[in-house]
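Data first, discussion second: the structure below is written as structure tokens.
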Amino acid sequence: MPQDYTIEQMISAKRISARIEELAREIEATYAGTDKLVVVGLLRGSFVFIADLVRELDLPVEVDFLEASSYGDAMESSREVRILKDLRGEIGGRDVLVVEDIVDTGHTLHHVTNLLRSRSPARLETIALLDKPTRREVDVRATWTGFEIPDAFVVGYGIDYAQRNRNLPFIGAVQITGG
Ligand code: 5GP
8 MPQDYTIEQM
18 ISAKRISARI
28 EELAREIEAT
38 YAGTDKLVVV
48 GLLRGSFVFI
58 ADLVRELDLP
68 VEVDFLEASS
78 YGDAMESSRE
88 VRILKDLRGE
98 IGGRDVLVVE
108 DIVDTGHTLH
118 HVTNLLRSRS
128 PARLETIALL
138 DKPTRREVDV
148 RATWTGFEIP
158 DAFVVGYGID
168 YAQRNRNLPF
178 IGAVQITGG
């Protein structure tokens, strides 16, 4: 069981949706004329973000998912990244956009993009809703970032703490109160 905690709103639902509109226009410009974009969501934290993002994109899209191991139920990142669920489709020669919830130490994005690049996509770009640049251990950066945030443990908008709070419409910071 997680310790007792409170959640303080950090980014409102309104700010998130306004930012997604901006990002979608940039992505459309980058992939203009693409035959079919493969949008790859990293499970599970990106499921709300990818749902809102693809509905904002005026492009032909296919959606696929990949699951990499991350925090488990803890609040600390593990440096070892394992693929728990691979893509269903082939990406060789395709235009690919990887959708991540948070870039923290950078190990997950680094590992996943190396893996997907080894399958020879025509183009591979990345988007992260949140970025914690002060936490970086590997030199990676998403092509697009929604918001840079400080070093806090966040939940909501698809992102969990011990599998809870994914259904919050906003991003909030967890404050441990005891327990
Ligand atoms: P990285 O490999 O960059 O350290 O971590 C990436 C993954 O760690 C994210 O996709 C996310 O699943 C998890 N993560 C990083 N920061 C947070 C956070 O503040 N809250 C939650 N719930 N997960 C996080």
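Remember, our numbering sits 7 above the position in the sequence shown when you count from 1.
Ideal Cβ placement from N, Cα and C applies to all residues, glycine included.
Quick caveat: nothing in here was measured; it's all calculated off a predicted structure.
Counting only the Cα atoms, Gly-99 lies some 26 Å from Leu-136. The secondary-structure analysis by DSSP pairs Gly-163 across a beta bridge with Ile-166.
Taken in chain order, the unbroken stretches of alpha helix (DSSP H) that lie wholly in the region 81–152 and span 4 residues or more are 114–124. Distances between the C-beta of Glu-107 and the heavy atoms of the ligand 5GP include at least one below 8 Å.
The beta-carbon separation of Leu-60 and Glu-35, rounded to 11 Å, does not stay under the 8 Å limit for a contact. In this model, Glu-87 and Leu-49 are separated by some 16 Å (Cα to Cα). Counting only runs of at least 4 residues, the region 9–37 fully encloses the following alpha helix (DSSP H) elements, listed from N- to C-terminal order: 20–37.
Taking Pro-9 as reference, the option from Gln-182, Arg-173, Thr-184 and Ala-169 with the minimal CA-CA separation is Ala-169. Out of Arg-143, Ser-19, Leu-175 and Ile-183, the CA that lies nearest to the CA of Gly-163 is found in Leu-175. In this structure, the beta-carbon distance from Thr-120 to Ile-134 does not fall below 9 Å.
DSSP places Asp-42 outside any beta strand (DSSP E), giving it a letter other than H or E.
In the structure shown, the three-state DSSP call for Ile-156 is coil. Arg-62 counts as exposed, since fewer than 16 other beta carbons sit within 10 angstroms of its beta carbon.
Taking 8 Å as the cut-off, one finds at least one heavy atom of the ligand 5GP near enough to the beta carbon of Phe-160. Secondary structure at Asp-71: strand, using DSSP grouped into helix, strand and coil. Beta-bridge partners assigned by DSSP to Arg-171: Tyr-168.
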